[in-house]
Amino acid sequence: MLSRLVIVVSAVVTVALAGHQLIPALGGFTPVMESLLPWLGLTVPLLLMAAAVARSRAAALTALVPGVVWAVMFGSTLFRTPPGGPSDLAVGTVNVGVTNNASGEAVRMIAKDLDLLAAQELTSGGPAAKQLNKMFKYHYPVSTVGLWSRYPISDTKPLDVGLGWPRALRAVVTTPKGKVTVYVMHLASARPGATTSRDASLAHARELIDADPSKRILLLGDLNTATTDRGMRGLTPPLTDAQTAAGDGFGFTWPSEFPVTRPDHILFKGMTATKAGVAPATGSDHRAAIASLRL
1 MLSRLVIVVS AVVTVALAGH QLIPALGGFT PVMESLLPWL GLTVPLLLMA
51 AAVARSRAAA LTALVPGVVW AVMFGSTLFR TPPGGPSDLA VGTVNVGVTN
101 NASGEAVRMI AKDLDLLAAQ ELTSGGPAAK QLNKMFKYHY PVSTVGLWSR
151 YPISDTKPLD VGLGWPRALR AVVTTPKGKV TVYVMHLASA RPGATTSRDA
201 SLAHARELID ADPSKRILLL GDLNTATTDR GMRGLTPPLT DAQTAAGDGF
251 GFTWPSEFPV TRPDHILFKG MTATKAGVAP ATGSDHRAAI ASLRL
């Protein structure tokens, strides 16, 4: 019985890993499962132990199959070396947490070495905004999101990504190496069985990117969509994920105490990512995503 159970579970995990994009959305449950996809690899040692207890060679060999599939899908992520080299723009994004009284300290630590910082879940006149206004000469807040920059900001515009109120923005930042069009977004939340609003806001985001003729585009924000979520196929491509291109490891950002997924993203086109990673954000339930880019 134990041997049969190992074989069945191994087959299910293999299908979930290799064929997750072919599984129907099931009302929003499958995309949430995809958010935790890399963690399915933890089932492999458990299956191997169960096979050893059952003293079944067939079960042990079957248990290795999802391990091989996982290694093909995610193994390179663990051993990837950032390309490095010179960079022109250091950027970051952080959901500061709407009830975070320590958000000022959080953004101070994150932003000290950055040229651009996007923030979400801001409160008007709150500690995060006040701290960033001291650190950056240029800023453009819209509702609960904002952009702070060491370089001039122009052509600003609030955006509604299908939520009925502006929770995104577009701005052009003029750097010493040229202009970069920057989007800051906080998309709708996704929960098991409830991804309709998130999916609609993702579609709005893609429409904005497709309609933008800018040579260089940078999208920063809490997209409420994991790197492995099928929803990301709507944005990558045409954009490139900085963590995937130049990060060290998975770069999980949520929840902050023990991150298991990455809803916070730095996406770009017309530039090259040289380094990417995460940074702690005091008091927030998210960690910050950061990256360096060469223009």
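Per full-length UniProt numbering: the sequence shown = residues 1 to 295. Using N, Cα and C, we set each Cβ at its ideal position, and we do this for glycine too.
Around T123, the same chain offers V98 as residues with beta carbons nearer than 7 Å, after the five sequence neighbours per side are excluded.
DSSP places I209 in the helix class (H, G or I) of the three-state scheme. Under the three-state reduction of DSSP, W70 is assigned to helix. According to the DSSP secondary-structure assignment, Q21 is paired through a beta bridge with no residue. In the DSSP annotation of this structure, A194 is not part of any beta strand (DSSP E), being labelled neither H nor E.
Beta-bridge annotation (DSSP): A118 is paired with T93 and L147. Spanning the alpha carbons of G247 and A276 requires a straight line of approximately 4 Å. In the three-state reduction of the DSSP assignment, V278 falls in the strand class. CA-CA distance, D285 to P83, rounds to 30 Å. The Cβ-Cβ distance between S214 and V172 falls below 9 Å.
Counting every other CB atom within 10 Å of its CB across the protein chains shown gives D199 a total of 16 or more, marking it as buried.
Put simply, the backbone Cα of V13 is about 16 Å away from that of P24.
Annotation for L5: A50 place their beta carbon closer than 8 Å to its own, counting only its chain and skipping 5 residues before and after. When the Cα atoms are used, L267 and A63 turn out to be separated by approximately 36 Å. A Cβ-Cβ distance of about 13 Å is found for the pair L218 and A205, leaving them out of contact under the 8 Å criterion. Going by beta carbons, G231 and T240 fall outside the 9 Å limit. In terms of CA proximity to V184, V145 leads the group V145, L208 and R150. If you draw a 10 Å sphere on the C-beta of Q21, you find fewer than 16 other C-beta atoms in it, and that means exposed. Proximity to V44 across M271, T30, R167 and V68 peaks at V68, based on C-alpha coordinates. The straight-line gap separating the alpha-carbon atoms of A194 and P280 is approximately 29 Å. Under the Cβ criterion (8 Å, minimum of three pairs), the segment 72–79 does not count as touching the segment 101–121.
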